[in-house]
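Each remark here refers to the structure printed beneath this line.
2 protein chains.
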Amino acid sequence: MRLTTKGRYAVTAVLDLAFHQGKGPVSLAAISERQCISLSYLEQLFAKLRRNDIVSSTRGPGGGYSLQRNAAEISVSDIILAVDESVKMAGCGDSDACDGDYQCLTHDLWQELSNEIREFLDGISLAEVMTNQKVKEVSIRQDAVSASA
Amino acid sequence: MRLTTKGRYAVTAVLDLAFHQGKGPVSLAAISERQCISLSYLEQLFAKLRRNDIVSSTRGPGGGYSLQRNAAEISVSDIILAVDESVKMAGCGDSDACDGDYQCLTHDLWQELSNEIREFLDGISLAEVMTNQKVKEVSIRQDAVSASA
DNA sequence: CTTAATCCCGACTATTTTAGTCAAGTATTA
DNA sequence: TAATACTTGACTAAAATAGTCGGGATTAAG
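Protein chains in written order, with the working numbering: chain A, 5 to 153; chain B, 5 to 153.
So this is what it looks like as structure tokens:
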């Protein structure tokens, strides 16, 4: 499990999607403007999110992305794992370095903690984040600015 | 809050230190051998850990590093934050991009979740990780291999 | 049917971070 | 004093991040 700015972008974008999908699919252009993430970068992220069945797409004018499941059934870890796909940890990850059998066990030591973190994030759904008072306030403020622009 | 391989190395190294500091300070060379992390990289990490008052150093023969506080009083987040020091998040982090005042609020949205994660990791002390059964087993196995080598 | 909005895809790139190496110190103890 | 071990700084190869660019494919609307 990793927490990087990439995952942060993804969580923020999907959160924006969740807030605005009331009136049909949400375009990446709209998310890009509201969240200030470059369109091309969003395209890369959403390609992975689509491959991992978190969002689905509708093409053509008026199209965009929708959540594939209910916001209550999408966890924060789902999003982060989808976007971080190929995590080949450096060091003695896969049975080749440190010549011996169990000489180097960095991986195992960290794994325990990593699991706890994943379980924790697995327990937080998009819907729960959306009910957070501060998050709600920010979302409302963003809509106000977008509308006046 | 970020979770990267750098933080993982740091947590693993300090954990190794905690397990072996019974007989005085632990040398980086010993940690390097046991955990298979390059000595020079450990030097960089421990310089930051020392600056953040997590470990203290003893010079000269038989020297090495010791925990500055009790293992129960060092949280996992302490270690990760010490090592990740300068986290200048990309994007609209600091009031310059997106011209307006509150146009871009990516930062705030993510912040809420990030805080929850930090609080979670803040609640996990080194001592607690050490009592984890699997972690203990790995540590014992490592000592056995080190001794026979 | 054409046009425009939108997703889709691949190649390319600048910058930053990771994970080191190397060399020259300084402090301490045996 | 010599060996041990920490300390610092400069440098570097490789990867990840955060994009850009340019072209498609689909489809709703006019």
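Ideal Cβ positions, reconstructed from N, Cα and C, are used throughout, including at glycine. Fair warning: this is a prediction, and the values are worked out from it, not measured in the lab.
List the residues of chain B whose Cβ lies closer than 8 Å to the Cβ of Met-5 of chain A, in chain order. Residue mapping note: residue 5 of chain A aligns to position 1 of the first sequence, counting from 1. The contacting residues are Leu-7.
Suppose contacts are defined by Cβ-Cβ distances below 7 Å. Is Val-30 of chain A in contact with Leu-21 of chain A by that definition? The sequence position of residue 30 of chain A within the first sequence is 26, counting from 1. The sequence position of residue 21 of chain A within the first sequence is 17, counting from 1. Yes; because the gap between Cβ atoms is below 7 Å, this pair is in contact.
First and last residue of the beta strand (DSSP E) that includes Thr-62 of chain A? Taking the first sequence and counting its residues from 1, one reaches residue 62 of chain A at position 58. Element bounds for Thr-62 of chain A: 59 to 62.
Do you know how far the Cα of Asp-88 of chain A is from the Cα of Asp-98 of chain A? Indexing the first sequence from 1 puts residue 98 of chain A at position 94. Indexing the first sequence from 1 puts residue 88 of chain A at position 84. Here Asp-98 of chain A scores only 41 on pLDDT, less than 50, and its place in the model should not be relied on; the value that follows carries that caveat. Approximately 19 Å between the Cα atoms of the pair.
Assuming the contact rule is C-beta atoms closer than 8 Å, Val-139 of chain A and Leu-113 of chain B should be a hit. Round their C-beta distance to whole Å, please. Within the first sequence, the letter at position 135 stands for residue 139 of chain A. Within the second sequence, the letter at position 109 stands for residue 113 of chain B. Yes, they are in contact, since the Cβ atoms of Val-139 of chain A and Leu-113 of chain B sit about 6 Å apart, within 8 Å.
With a CB to CB cut of under 6 Å and the five nearest residues on each side skipped, what residues in its chain are close to Gly-28 of chain B? As a working note, residue 28 of chain B is residue 24 in the second sequence. Contacts found: none.
Ile-83 of chain B: contacting residues in chain A (beta-carbon distance under 7 Å): One-based indexing of the second sequence puts residue 83 of chain B at position 79. None at all; the shortest Cβ gap to chain A is about 11 Å.
Starting from the C-beta of Gln-72 of chain A, find all residues in its chain whose C-beta is less than 8 Å away, skip the five residues before and the five after it, and write them out in chain order. Taking the first sequence and counting its residues from 1, one reaches residue 72 of chain A at position 68. Taking C-beta separations shorter than 8 Å and ignoring five residues to either side along the sequence, the partners of Gln-72 of chain A in its chain run Asp-57, Ile-58, Val-59, Ser-60, following chain order.
Alpha-carbon spacing of Asp-126 of chain B relative to Glu-123 of chain A, whole angstroms: Within the second sequence, numbered from 1, the residue matching residue 126 of chain B stands at position 122. Within the first sequence, numbered from 1, the residue matching residue 123 of chain A stands at position 119. About 16 Å.
Give me the chain A residues within the contact set of Arg-12 of chain B, using Cβ-Cβ distance strictly less than 7 Å, ordered along the chain. On the second sequence, residue 12 of chain B is found 8 positions in, with the first residue counted as 1. What Arg-12 of chain B touches in chain A: Trp-114.
Straight-line CA distance for Leu-53 of chain B to Glu-47 of chain A? Taking the second sequence and counting its residues from 1, one reaches residue 53 of chain B at position 49. Taking the first sequence and counting its residues from 1, one reaches residue 47 of chain A at position 43. When rounded, the distance between both Cα atoms is 39 Å.
Measure from the alpha carbon of Leu-142 of chain A to the alpha carbon of each residue in A:Arg-55, A:Gln-39, A:Val-80, then state which is nearest. Translated into the one-based positions of the first sequence, residue 142 of chain A becomes position 138. According to the sequence as given, residue 142 of chain A is Val; it is not Leu. Among A:Arg-55, A:Gln-39, A:Val-80, the Cα nearest to that of Val-142 of chain A belongs to A:Gln-39.
Which chain A residues sit within Cβ distance under 8 Å of Phe-124 of chain B? As a working note, residue 124 of chain B is residue 120 in the second sequence. In chain order: Ile-121, Phe-124.
Would you kindly report the start and end of the unbroken beta strand (DSSP E) that includes Gly-68 of chain B? As a first step, residue 68 of chain B is located in the second sequence; it is residue number 64 there, counting from the start. Note, Gly-68 of chain B: beta strand (DSSP E), 68 to 71.
Could you give the distance in angstroms between the alpha-carbon of Gln-25 of chain A and the alpha-carbon of Arg-63 of chain A? Residue mapping note: residue 25 of chain A aligns to position 21 of the first sequence, counting from 1. Residue mapping note: residue 63 of chain A aligns to position 59 of the first sequence, counting from 1. Distance between the alpha carbons of Gln-25 of chain A and Arg-63 of chain A: 15 Å.
Name the chain B residues that come within less than 8 Å of Leu-130 of chain A, Cβ to Cβ? Numbered from its first residue, the first sequence carries residue 130 of chain A at position 126. The premise fails here: Leu-130 of chain A is roughly 11 Å from chain B at the closest Cβ pair, so nothing lies under 8 Å.
Counted within 10 angstroms of its Cβ, other Cβ atoms place Asp-147 of chain A as buried (16 or more) or exposed: The residue given as residue 147 of chain A occupies position 143 in the first sequence. When all chains shown are included, Asp-147 of chain A counts as exposed.
On the premise that Leu-19 of chain A lies in contact with Val-149 of chain A, defined as a C-beta separation below 8 Å, what is that separation, rounded to the nearest angstrom? In the first sequence, counting from the first residue as 1, residue 149 of chain A sits at position 145. In the first sequence, counting from the first residue as 1, residue 19 of chain A sits at position 15. Not confirmed; about 17 Å, so no contact.
Where do the ends of the alpha helix (DSSP H) carrying Leu-53 of chain A lie? The residue labelled residue 53 of chain A in the question sits at position 49 within the first sequence. Leu-53 of chain A: member of the alpha helix (DSSP H) spanning 43 to 55, first to last residue.
Does Thr-16 of chain B get closer than 7 Å to chain A when you measure Cβ to Cβ? Sequence index remark: in the second sequence, residue 16 of chain B carries index 12 (1-based). So, interface residue.
What does DSSP give as the partner residue(s) for Ser-129 of chain B in the beta ladder? Numbered from 1 along the second sequence, position 125 holds the residue referred to as residue 129 of chain B. DSSP, once it has assigned bridges, lists B:Ser-79 as partnering Ser-129 of chain B.
Taking CB distances under 7 Å as the criterion, tell me whether Val-139 of chain A reaches chain B. Taking the first sequence and counting its residues from 1, one reaches residue 139 of chain A at position 135. By this cut-off, Val-139 of chain A is an interface position.
Can a CB atom of chain A be found closer than 7 Å to the CB of Asn-136 of chain B? For this step, residue 136 of chain B is matched to residue 132 along the second sequence. Judged by the 7 Å Cβ criterion, Asn-136 of chain B is in contact with chain A.
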